[in-house]
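Novice: Residue numbers (the working numbering): 347 to 835. Note that the Cβ used here is the ideal one computed from N, Cα and C, for glycine as well. Structure incoming, see below.
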């Protein structure tokens, strides 16, 4: 690298192979959310200062540090991916916040083996936190760099940005941190609709917020991730915000998660099935059921007689490999999602006009799930590997369903049906259809492993007298819609 006096040269803070920022295995860093930069896959457990500067921030858990150069460039040095969850284990900071350091000074020592075994990746990131003030004009080429010796990045102040302006920008970007512990007191805990409301409450704030529970964490913008926490009624969760408006964002989210909202009172715990004594005699505890008798829960009250019809819904089987380029498959997925979103918007508006608050709320949540970054990022990652849009969407959905299936909370686990619902909708928009027959006799009692909200919204309700499901319960969204439609289930 060659450079002039007005350039800032950052030496490699770690020894190891260079990793382009776009290939860092974390969408937050790879997308440049923490600023432009570069990655290094460390071969030694020492992080050193890439230039002279001041330690403006040292993470409480010792996995990251931010330096400010004399010119005002803010350099974030982050060891590994998701290493904050290690809570400091394996990290030994060698400097304190506010310390003045010289290039090559050891900032953090870390146990490579321990971090590698307990974190998704050891790949570490050097990012320019105030990239709007400083641009990277040279980067180390692919290959091996040596800590404190190899030039890694060359920076230059952007044209029209004065030294004083840079200082003001740096001062304005001080990353405040806010924490708050709350208890989820209402029925259901962190289920779909309060999660969606919390996400909306965070919009507009200059802050990043995550929710932590039982050793797990999820960003506030991912409803799917929030459901996967498994935080039910009575759970104590921590809100952690970082950014200039961290406290305001955390408080707004806390307010949403600790209040009841109209339309959510329908989510009641399932209760045992009941019927008139002349129809079913309930056996005493421990006694076997009478022949030809099935036990279950009453999801929607009522008694119905009709012809039992199996509601078959065969899975669509999209091809695994893409027929076009990754860019073309991404466009197909985006178009399908936009089509489904428009359809759901119509359903929500129609339900609202009918005064069906519960139904409108259910499909409004489906719209939120449809744009969830956890799902979209996973699908696009698979598309980039040559998979078709349909296959990538199915695998992204099912990975999250597997997570919810392991949640020890029946209400939250039932939200897997909502994911299956949007999976089917997008597959149909992509042109894949199920061959299942939909011709119903009069007075049909439909039986299925599970009904999704879309199944019920498409039924000819003049022909259906009751529903029987092998899975789910009174808190499933299908059960809520059945109650609103007056269909026993």
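Sort out for me which residues DSSP pairs residue 399 with in a bridge.
Specialist: 447, per the DSSP bridge assignment.
Novice: If you reduce the DSSP assignment to three classes, tell me which class residue 359 lands in.
Specialist: In the structure shown, residue 359 sits in coil (DSSP, three-state: anything other than H, G, I, E or B).
Novice: Just the C-alpha distance for residue 371 and residue 551, rounded to the nearest angstrom, thanks.
Specialist: If I take the Cα positions, the gap works out to 27 Å.
Novice: Leaving out five residues on either side along the sequence, give the residues of the same chain with a beta carbon under 8 Å from the beta carbon of residue 459.
Specialist: Excluding sequence neighbours, residue 459 sits near nothing in its chain.
Novice: Flag this pair as yes or no: are the beta carbons of residue 382 and residue 469 separated by less than 7 Å?
Specialist: Not closer than 7 Å, so no.
Novice: Cα separation between residue 529 and residue 492?
Specialist: The straight-line gap from Cα to Cα measures roughly 48 Å.
Novice: Quick one: grab the DSSP three-state call for residue 478.
Specialist: Coil at residue 478, not helix or strand.
Novice: What are the boundary residues of the alpha helix (DSSP H) that residue 692 is part of?
Specialist: Segment 672-699, the alpha helix (DSSP H) holding residue 692.
Novice: Beta carbon of residue 394, beta carbon of residue 359: below 7 Å?
Specialist: Going by C-beta atoms, residue 394 is nearer than 7 Å to residue 359.
Novice: Apply the 10 Å Cβ neighbour rule to residue 770 and answer buried if 16 or more other Cβ atoms are within range, or exposed otherwise.
Specialist: Buried: at least 16 other Cβ atoms inside 10 Å.
Novice: Report, in whole angstroms, the separation of the C-beta atoms of residue 599 and residue 586, which I expect to be a contact under 8 Å.
Specialist: The pair is not a contact, with the Cβ atoms about 11 Å apart (cut-off 8 Å).
Novice: Assuming residue 384 contacts residue 472 under a Cβ cut-off of 8 Å, what Cβ separation, rounded to an integer in Å, is found between them?
Specialist: About 6 Å separates the two Cβ atoms, so the contact holds.
Novice: Under 7 Å between the Cβ atoms of residue 762 and residue 747?
Specialist: In contact: residue 762 and residue 747 (Cβ atoms closer than 7 Å).
Novice: Evaluate contact between the stretch 732-743 and the stretch 666-680, counting only Cβ atoms and requiring at least three cross-stretch pairs below 8 Å.
Specialist: At 8 Å Cβ cutoff, the stretches touch.
Novice: Would you decide whether residue 676 is buried or exposed? Buried here means 16 or more other CB atoms lie within 10 Å of its CB.
Specialist: Buried.
Novice: Thinking just about the alpha-carbon of each residue, which of 432, 480 and 435 is nearest to the one in residue 356?
Specialist: The residue with the shortest Cα to Cα distance from residue 356 is 480.
Novice: Considering only the beta carbon of each residue, do residue 716 and residue 693 sit closer than 7 Å?
Specialist: For residue 716 and residue 693, no; Cβs fall outside 7 Å.
Novice: So, using beta-carbon positions, are residue 562 and residue 575 closer together than 7 Å?
Specialist: Closer than 7 Å, so yes.
Novice: Rounded to the nearest angstrom, what separates residue 453 and residue 487 at their Cα positions?
Specialist: Answer to the nearest angstrom: the Cα atoms are 25 Å apart.
Novice: Put residue 434 into one of helix, strand or coil per three-state DSSP.
Specialist: Coil at residue 434, not helix or strand.
Novice: Identify which residue in 377, 474 and 700 has its Cα closest to the Cα of residue 417.
Specialist: Taking only the C-alpha atoms, the option nearest residue 417 is 474.
Novice: Residue 648: which of 791, 445, 484 and 776 sits nearest, CA to CA?
Specialist: Cα-wise, what sits closest to residue 648 is 791.
Novice: Spatial neighbours of residue 353 within its chain, please: C-beta separation below 8 Å, excluding the five flanking residues on both sides.
Specialist: The residues are 483, 500, 501 and 502.
Novice: Which term fits residue 495, buried or exposed, when burial requires 16 or more other beta carbons within 10 angstroms of its beta carbon?
Specialist: Exposed, by the Cβ-count rule.
Novice: Residues in its own chain within less than 6 Å of residue 674 by CB, not counting five upstream and five downstream?
Specialist: Around residue 674: no qualifying Cβ.
Novice: Count the other C-beta atoms from every protein chain shown that fall within 10 angstroms of the C-beta of residue 779, then say buried if there are 16 or more, exposed otherwise.
Specialist: Exposed.
Novice: What residue from 595, 588, 450 and 603 has the CA that sits closest to residue 578's CA?
Specialist: Residue 578 has its Cα closest to that of 603, out of 595, 588, 450 and 603.
Novice: May I have a chain-ordered list of the alpha helix (DSSP H) segments no shorter than 4 residues that lie completely inside the stretch 537-604?
Specialist: Fully enclosed alpha helix (DSSP H) runs of 4 or longer: 538-548, 569-574 and 592-603.
Novice: Note down the Cα distance separating residue 597 from residue 788, rounded to an integer number of angstroms.
Specialist: Cα to Cα, the separation comes out at about 53 Å.
Novice: Taking Cβ to Cβ, would you say residue 569 is nearer than 7 Å to residue 721?
Specialist: No, the Cβ-Cβ distance between residue 569 and residue 721 is not below 7 Å.
Novice: Looking only at DSSP bridge pairs, what is residue 770 linked to?
Specialist: Per DSSP, none; premise fails for residue 770.
Novice: Alpha carbon to alpha carbon, how far is residue 608 from residue 405?
Specialist: Note that residue 608 has pLDDT 46, beneath the 50 cutoff, so the model's placement of it is unreliable and the number below is only indicative. Computed Cα separation, rounded: 41 Å.
Novice: Roughly how many angstroms lie between the CA atoms of residue 749 and residue 572, to the nearest whole one?
Specialist: In a straight line, the C-alpha of residue 749 is about 11 Å away from that of residue 572.
Novice: Taking the alpha carbon of residue 435 as the point to measure from, which residue in 419, 455 and 444 has its own alpha carbon closest?
Specialist: Ranking the options by Cα distance to residue 435, first place goes to 455.
Novice: Suppose you measure from the CA of residue 718 to the CA of residue 389; what does that come to, to the nearest Å?
Specialist: Answer to the nearest angstrom: the Cα atoms are 35 Å apart.
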